[in-house]
Each structure stands twice: as C-alpha cells, then as structure tokens.
Amino acid sequence: MTEKQWDHEHGIVSGVCLPGDQESNILSLRPTQLSEYIGQSDVVETLKIAIEAGRLRNEPIDHVLFHGPPGLGKTTLAHIIANEMGRGIIITSGPALEKGGDLIGILTHLEEGDVLFVDEIHRIPKSVEEFLYPAMEDYAVDFVFDKGIHARTHRYRLNRFVMVGATTRVGLLSAPLRDRFGIFRNLDFYSEEHLVEIVIRSALLLDVEIDDSGAQELSKRSRGTPRIVNRLLKRVRDYAQVKADGRITQETVHSALTLEGVDEIGLTNLDRQYIKTIIDFYKGGPVGIEAIAATLQEETDTLVDVIEPYLLKIGYIVRTSSGRKVSEAGFKHLGYRFQGNIFA
Ligand code: ADE
7 MTEKQWDHEH GIVSGVCLPG DQESNILSLR PTQLSEYIGQ SDVVETLKIA
57 IEAGRLRNEP IDHVLFHGPP GLGKTTLAHI IANEMGRGII ITSGPALEKG
107 GDLIGILTHL EEGDVLFVDE IHRIPKSVEE FLYPAMEDYA VDFVFDKGIH
157 ARTHRYRLNR FVMVGATTRV GLLSAPLRDR FGIFRNLDFY SEEHLVEIVI
207 RSALLLDVEI DDSGAQELSK RSRGTPRIVN RLLKRVRDYA QVKADGRITQ
257 ETVHSALTLE GVDEIGLTNL DRQYIKTIID FYKGGPVGIE AIAATLQEET
307 DTLVDVIEPY LLKIGYIVRT SSGRKVSEAG FKHLGYRFQG NIFA
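Under the numbering used here, residues 7 to 350 are what the sequence shown spells out, in order.
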C-alpha cells in the first residue's frame with residue numbers, strides 16, 4: 007500500500023511507499039489486514055464481503071462511512087481497506103479542506119481504486135461538500151465557467167475511487183452526504199475480552215512480557231478503547247522496566263496507572279472532574295453541556311466527543327432534554343453517599 011499525504015500549501019500529493027506496510031505498522035501496533043483485526047466482527051465481515059465482491063467484479067467497493075467515538079479503529083480500517091485492495095490511500099480531514107480547490111486538487115490526483123480517507127468528515131465546509139456529491143456519485147467534478155447567461159459547465163472525469171469517511175458525530179452530517187455512502191457502520195466500544203487479545207498482541211509486537219492478570223487489568227482500565235489500551239501498555243512497560251523486573255503484572259499495572267491518574271475502571275482525572283463539576287456546581291444536573299464546559303474550562307467538543315461517550319455507555323451520566331445528569335452509579339463512583347434521595 008502507498009500512503010500519500012495531500013500537501014495543502016503546495017497542492018501536491020506526497021507519497022511514502024511502505025514495503026508491505028510492515029515497518030510503520032509494527033511500530034504503530036495497527037493491524038494491516040482484516041484477518042488480524044480483533045473485535046467489531048460484524049463490521050469486519052461486511053468489509054470482507056465487499057472487498058471480495060469488488061475483487062471478483064474488478065471494481066472499487068462502495069464508499070464507506072465509519073462513525074463512533076475516537077480510538078475505536080476508524081483510521082485503522084481505512085488503511086486496511088486500501089491494503090486489502092492493494093491500492094493507495096490519501097489522508098485528509100474535514101477541517102483541512104477549507105476551499106473547493108483543496109478537494110478538487112486531491113480528487114484529480116486519485117488513481118484508479120485509491121482510498122480517499124476523510125477524517126472528521128462532519129467538519130467539511132458546506133461549499134466543499136457540494137463538490138463531493140458528483141465526485142462520489144459519478145466520479146466527476148463539475149467546473150463552472152463565467153456567470154449568469156454565459157455560465158457553462160465542464161465535467162471532468164475522475165478515476166473511480168473509494169471514499170472512506172470517519173466521524174465522531176454522525177448527527178452533524180447532512181442527509182445528502184450521508185446517503186452517498188453505501189456502507190455505513192458504527193464502531194462500538196470493545197469488550198474486555200477483545201481488549202485482552204489486543205493488548206497481548208501488542209505486547210508481543212513490542213517484545214514485552216505480560217501475564218494474564220496484567221492483560222486483564224489493563225483491559226479493565228482502557229474504557230473499551232484499543233488506542234487507550236495500547237497507550238497505557240506503553241506507560242506500564244516503561245514503569246515495569248524502571249521500577250520492577252520488566253514484566254507486566256496486575257501489580258505493575260495498578261501502580262503505574264495510579265500514577266497516571268487512571269482509576270480501577272479506567273476513568274481519568276478529566277472524567278472524574280466532569281462528573282464532580284455536575285455534582286458540586288449543578289446539584290447533579292440536569293445541566294447544559296456549555297455550562298459544564300465553561301466551569302471546567304474545556305472545549306465543548308472534547309467533552310462531547312471524548313469524555314461523554316464512555317460515561318454514557320457505562321451509565322454514569324444520562325442525557326435528558328434539559329441537559330446532563332449524574333446517575334446514582336456516577337455519584338457512588340466518586341464516593342458520594344446516598345442519604346434519603348440526596349447524595350452527600
Ligand atoms: N490494535 C489496535 N486495534 C486493534 C484491533 N482491533 N485488532 C488488533 N490490533 C489492534
């Protein structure tokens with residue numbers, strides 16, 4: 007697979023050819039093939055079928071949209087799709103596509119079957135999105151010359167490509183854009199069992215010894231997220247090397263992650279501050295997200311995209327029409343005791 011990066015300043019595609027993609031991916035711990043991918047079995051099966059069918063018909067697969075919280079494998083799957091099809095991948099993101107010209111430059115440089123990966127696709131400006139419609143549907147861009155009665159259009163044919171979009175906020179995508187994706191899949195949080203498999207595979211690639219209790223403890227503290235389990239594995243590896251005998255066990259995970267502020271169910275300082283803010287300043291809610299963000303001095307987007315999805319998943323907070331509320335489990339986790347129907 008060839009990974010190409012679009013250079014917005016110079017309007018060129020710079021390509022880095024990775025031999026079988028082995029080197030960069032061993033370092034990044036990302037699987038390169040669907041057969042290596044752990045978890046999300048329905049999504050993997052959908053992709054296997056689409057890729058095999060595309061191969062049999064000798065045509066690119068339908069455009070793919072992945073949505074779900076950060077760190078669950080959207081970018082990894084885009085790379086895998088390109089790799090499995092033996093094609094290149096061009097990587098860009100919604101906010102990087104400021105003008106129509108940015109997108110047209112990329113589209114006209116795509117080779118037959120290339121994957122165009124657009125991260126944070128919900129942040130594409132409306133004016134740029136318009137160019138995507140004919141590109142995705144007819145593999146064409148329409149140029150308009152002159153104005154008014156002299157207006158003429160010229161249709162420029164593109165190579166057939168596969169658009170892979172990723173978003174943490176599928177609700178912000180316009181219906182016309184959403185409808186142009188033939189494959190539309192949600193990535194969900196991973197089970198502890200799958201995270202154990204992922205962390206054992208990663209430890210093998212990093213050549214670090216880990217026992218079952220260590221793998222389980224890391225998985226329990228990783229908020230259902232492969233990116234987090236791999237990041238914490240690296241922190242614990244450092245800790246084990248410096249403070250112990252280099253082996254990762256339940257004890258080393260506990261000590262290393264306590265130091266990192268990651269508690270026994272994987273909540274970070276920011277997660278706890280978020281819950282505590284609602285309790286201390288807003289009596290447990292309901293309270294609007296903007297008010298929480300202002301009190302915490304954090305970006306609303308960070309709270310909505312990064313903090314809230316897992317807290318909602320484990321039921322520590324609930325979203326109501328009048329705002330966010332902390333649940334009984336959320337109160338208890340932070341050590342507040344229930345007195346009558348009031349927590350203190
Ligand atoms: N590394 C990160 N995510 C992974 C996954 N889903 N399967 C295998 N290895 C991974």
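All C-beta atoms in this analysis are idealised placements derived from N, C-alpha and C, irrespective of residue type, glycine included.
**Asked** What does a CB cutoff of less than 7 Å around residue 6 pick up in its chain, not counting 5 residues either side in sequence?
**Response** In the structure as shown, the chain begins at 7 and stops at 350. Residue 6 is therefore absent and cannot be evaluated.
**Rounded separation between residue 184 and residue 169 - CA only** = The count along the sequence shown starts at 1 and reaches residue 184 at position 178. The count along the sequence shown starts at 1 and reaches residue 169 at position 163. Approximately 12 Å, taken between the alpha carbons.
**Item:** Beta-carbon gap between residue 233 and residue 291 smaller than 8 Å
**Value:** Taking the sequence shown and counting its residues from 1, one reaches residue 233 at position 227. Taking the sequence shown and counting its residues from 1, one reaches residue 291 at position 285. No, they are not a contact pair.
**Touching by the beta-carbon criterion (3+ pairs, under 8 Å), the segment 128-141 and the segment 89-105** = yes
**Prompt:** Over what stretch of residues does the alpha helix (DSSP H) that includes residue 211 continue unbroken?
**Reply:** By 1-based counting over the sequence shown, the position of residue 211 is 205. Segment 198-212, the alpha helix (DSSP H) holding residue 211.
**Request:** Round the Cβ separation of residue 196 and residue 220 to the nearest angstrom and send it over; I've been treating them as touching at under 8 Å.
**Result:** Position 190 of the sequence shown holds residue 196. Position 214 of the sequence shown holds residue 220. The Cβ separation is near 18 Å, so there is no contact.
**Request:** Starting from residue 125, follow its DSSP beta bridges and name the residues at the other end.
**Result:** Taking the first residue of the sequence shown as 1, we reach residue 125 at position 119. Looking at the DSSP assignment, residue 125 forms a beta bridge with 99.
**Item:** Local Cβ density within 10 Å of residue 343, reported as buried at 16 or more and exposed below that
**Value:** Residue mapping note: residue 343 aligns to position 337 of the sequence shown, counting from 1. By the neighbour-count rule (16 or more Cβ atoms within 10 Å), residue 343 is not buried but exposed.
**Asked** Any heavy atom of ligand 1 closer than 7 Å to the CB of residue 89?
**Response** In the sequence shown, the residue the question calls residue 89 occupies position 83. Flag unset: Cβ of residue 89 not near ligand 1.
**Message:** Looking at residue 76: is its Cβ nearer than 8 Å to the Cβ of residue 332?
**Reply:** To locate residue 76, count along the sequence shown from 1; it is residue 70. To locate residue 332, count along the sequence shown from 1; it is residue 326. Going by beta carbons, residue 76 and residue 332 fall outside the 8 Å limit.
**Item:** CA-to-CA distance, residue 163 to residue 280, given in whole angstroms
**Value:** Residue mapping note: residue 280 aligns to position 274 of the sequence shown, counting from 1. Residue mapping note: residue 163 aligns to position 157 of the sequence shown, counting from 1. Looking at the two C-alpha atoms, the distance is approximately 50 Å.
**Request:** Below 7 Å CB to CB, which residues in the same chain sit around residue 118 once its five sequence neighbours on both sides are set aside?
**Result:** Counting from one through the sequence shown, the residue named residue 118 turns up at place 112. The residues are 165 and 166.
**Request:** Mind checking which residues open and close the beta strand (DSSP E) that includes residue 189?
**Result:** Within the sequence shown, numbered from 1, the residue matching residue 189 stands at position 183. 189-192 is the extent of the beta strand (DSSP E) around residue 189.
**Request:** Please specify which runs of the beta strand (DSSP E), each continuous and at least 3 residues long, are wholly inside the segment 253-280, giving them in chain order.
**Result:** none
**Prompt:** Based on the DSSP secondary-structure assignment, which residues constitute the bridge partners of residue 172?
**Reply:** Position 166 of the sequence shown, counted from the first residue, corresponds to residue 172. According to DSSP, residue 172 bridges with 72.
**Request:** From the DSSP output, in three-state form, read off residue 217 for me.
**Result:** Taking the first residue of the sequence shown as 1, we reach residue 217 at position 211. Three-state DSSP puts residue 217 in coil, outside helix and strand.
**Asked** To which residues of the same chain is residue 335 closer than 7 Å at the C-beta, ignoring the five residues directly before and after it?
**Response** Taking the first residue of the sequence shown as position 1, residue 335 is located at position 329. Leaving aside the five residues that flank residue 335 on each side, the residues in its chain whose CB is nearer than 7 Å to its CB run, in chain order, 321 and 322.
**Request:** Flag residue 5 as yes when its Cβ comes closer than 7 Å to any non-hydrogen atom of ligand 1, and as no otherwise.
**Result:** No answer is possible for residue 5: the residues shown for the chain start at 7 and end at 350.
**Asked** Can residue 208 be considered in contact with ligand 1, in the sense that its beta carbon sits closer than 7 Å to one or more heavy atoms?
**Response** Within the sequence shown, numbered from 1, the residue matching residue 208 stands at position 202. Yes, the Cβ of residue 208 comes within 7 Å of a heavy atom of ligand 1.
**Message:** Restricting to Cα atoms, I'd like to know which of 65, 171, 154 and 148 is closest to residue 79.
**Reply:** The residue given as residue 79 occupies position 73 in the sequence shown. It is 171.
**Message:** Rounded to whole angstroms, what is the Cα-Cα separation between residue 31 and residue 180?
**Reply:** For the purposes of this step, residue 31 is taken as the residue at position 25 of the sequence shown. For the purposes of this step, residue 180 is taken as the residue at position 174 of the sequence shown. In this prediction, residue 31 has a pLDDT of 48, which is less than 50 and means its spatial position is unreliable; what the coordinates show is noted afterwards. Going by the C-alpha atoms only, they are around 34 Å apart.
**Request:** Kindly provide the ranges of any beta strand (DSSP E) runs that are 3 or more residues long and lie completely inside the segment 284-309, ordered along the chain.
**Result:** none
**Request:** Can you tell me the Cβ-Cβ gap for residue 112 and residue 147, rounded? I've got them flagged as a contact below 8 Å.
**Result:** Residue 112 sits at position 106 when you count from the first residue of the sequence shown. Residue 147 sits at position 141 when you count from the first residue of the sequence shown. Rounded, the Cβ-Cβ distance is 11 Å, inconsistent with contact.
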